[in-house]
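Scroll down for the structure; my scribbles are underneath it.
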Amino acid sequence: PTLFRSLAIGCRRPLGCLVRGERAWAVTGHETNRSNPRAWQEVAAIAIVVTLATGLLWLLRGELGLVWDEPPGIERQHAVWNWIGDVFGPSDDRARAFSRAGLARGWPFAREAPDEHGPVYALLSLLTWKTTGWLLGPLRAHRLATLLLFALMAGLVFRLCRVRWGVGPALAALAALVFNPRLFGHAQLATTDVLMACFWFFAAYAFLRSCETNRRPWLFGVLAGLALMSKLTGLLVLPAMVSWSLLVRPR
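Residue numbers (our numbering): 29 to 279.
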């Protein structure tokens, strides 16, 4: 919600400039109408710094203990991996994998508690576990997916604020994000909350940029869907963007 409010506040100024006939500022000029090839370099640089700083913290501090909802999530990832093994295994295993019982066993998502969440968080965590588990160990590898998305969100927050208000406010926003103890702590866990929050912010950012540029409006739908498939509360990004459109969207 705080990040969404910053998006809404950031769009009042250009609207006021247009109403008063003043010169439009950064978001209505070069940044809006043309993609900047250096934009993603800036985002990636911030994301890399956040990731490496957190990795250094892991080395110095040691591993965080398991939280209560991590073990069931990791078990679901193992169920998906075993199902994938059956799909590419012998024909009998493949047939069982696509049976009703096999699908229920291999994809324990979007059901009653404790399997109420969608599969996105599990698939991303499974990916980092299988690609970096040999280097980081199983628990940190499972948690790496959350950290990488959080670092990408930090880069986008910095970019969003720097373009609109300058380097000083952008650094302040970045610090407020990464030094929030609870948020930064959750970014180091293999859980759904921060992953959903990241996709929520990505969807809001994509919606804002599509309103400014009239380009890639479909991207908001994809990212909002990923937020919803990470955790059910991701659905709230839809009324949030509708409210923003009605109240503060530049015309």
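Where is the CB? At the ideal position from N, CA and C, for every residue including glycine. Just so it is clear, the structure is predicted and the values come from calculations on it, not from any experiment.
In the displayed model, Val-95 falls within coil according to three-state DSSP, outside both helix and strand. Asp-143 carries a coil assignment under DSSP once its states are collapsed to helix, strand and coil. Using a Cβ-Cβ distance cut-off of 8 Å, the stretch 149 to 158 and the stretch 105 to 115 are in contact, since at least three pairs of beta carbons, one from each stretch, lie closer than that value. In this structure, Ala-231 places its C-beta atom within 7 Å of the C-beta atom of Ala-255. Look at the stretch 194 to 275 and you find these whole runs of alpha helix (DSSP H), each 4 residues long or longer: 195 to 206, 209 to 214, 221 to 241, 246 to 258 and 265 to 275. Judged by DSSP secondary structure, Arg-122 falls within the alpha helix (DSSP H) whose first and last residues are 119 to 125. Buried is the label assigned to Gln-216, since at least 16 other Cβ atoms lie within 10 Å of its Cβ. Residues of the same chain with a CB within less than 7 Å of the CB of Phe-235, apart from the 5 flanking positions on each side, are Phe-248 and Met-269 in chain order. Distances from the CA of Thr-156 to each of His-145, Glu-140, Ala-173 and Gly-146 were compared; the closest alpha carbon is that of Ala-173. Contact between Gly-262 and Phe-227 holds, since their C-beta atoms are separated by about 6 Å, short of 8 Å. If you ignore the 5 residues before and after Pro-100, its C-beta comes within less than 7 Å of the C-beta of Pro-142, all in its own chain and listed in chain order. Judged by DSSP in its simplified three-state form, Trp-86 adopts helix. Take the alpha-carbon of Leu-167 and the one of Pro-197: they are about 35 Å apart.
Where Arg-128 is concerned, the enclosing alpha helix (DSSP H) starts and stops at 128 to 134.
CA-to-CA, the gap between Ser-271 and Cys-239 works out to about 14 Å.
Just measuring C-alpha positions, the residue of Val-265, Leu-131, Gly-165 and Asp-97 sitting nearest Gly-113 is Leu-131. Ile-76 is classed as exposed because its beta carbon has fewer than 16 other beta carbons within 10 Å across all chains shown. His-170 is positioned such that its CB atom lies no closer than 7 Å to that of Thr-220.
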